[in-house]
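Asks: Encoded as structure tokens, here's the structure I'll be asking about.
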Amino acid sequence: MLTGLQIRAARAALNITARELSQRSGVSLPTIQRLETVDDVPQSRTSTLMDVKAALESAGIEFIGTPADRPGIRLASSTARKSDPGRVPGDAD
18 MLTGLQIRAA RAALNITARE LSQRSGVSLP TIQRLETVDD VPQSRTSTLM
68 DVKAALESAG IEFIGTPADR PGIRLASSTA RKSDPGRVPG DAD
């Protein structure tokens, strides 16, 4: 599962604001801000975390480790990216 620390790190790696992540994921700005206040797995609906994760992955983030064992992120290589970084989960293809 996704941690607040990973969300913050992913945003920093992509150089996007919490507002931009909110728009890309369809998750409200206050919820994004709340998710980022903890280092561990935030208290939230699984679907909310999955929407945030999908938005970050579509922008080129890979999540590594587990919440219990060195969670982290890395940028995918440009050749490995298959999604449009501007795509918002839930948009029609």
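For reference, each letter of the sequence shown is one residue, going 18 to 110 in my numbering. The C-beta atom is built at its ideal place from N, Cα and C for all residues, glycine as well.
Which complete beta strand (DSSP E) runs does the segment 39-87 hold, if anything under 3 residues is left out?
Replies: 78-83
Asks: Shortest alpha-carbon distance to residue 94 belongs to which of 79, 54, 21?
Replies: 79
Asks: Distance, Cα to Cα, residue 57 vs residue 89?
Replies: If you take the alpha carbons of residue 57 and residue 89, they lie about 11 Å apart.
Asks: What is the rounded straight-line gap between the Cα of residue 74 and the Cα of residue 55?
Replies: 20 Å
Asks: Among residues of its own chain, excluding the 5 on either side of residue 31, which ones have a beta-carbon nearer than 6 Å to its beta-carbon?
Replies: 76
Asks: Looking at the unbroken alpha helix (DSSP H) that takes in residue 24, where does it start and where does it end?
Replies: In the DSSP assignment, residue 24 falls within the alpha helix (DSSP H) that extends over 21-31.
Asks: Once DSSP output is grouped into helix, strand and coil, what is the label at residue 98?
Replies: A caution first: residue 98 carries a pLDDT of 43, below 50, which makes its placement in the model unreliable, though a value can still be read off. In the structure shown, residue 98 sits in coil (DSSP, three-state: anything other than H, G, I, E or B).
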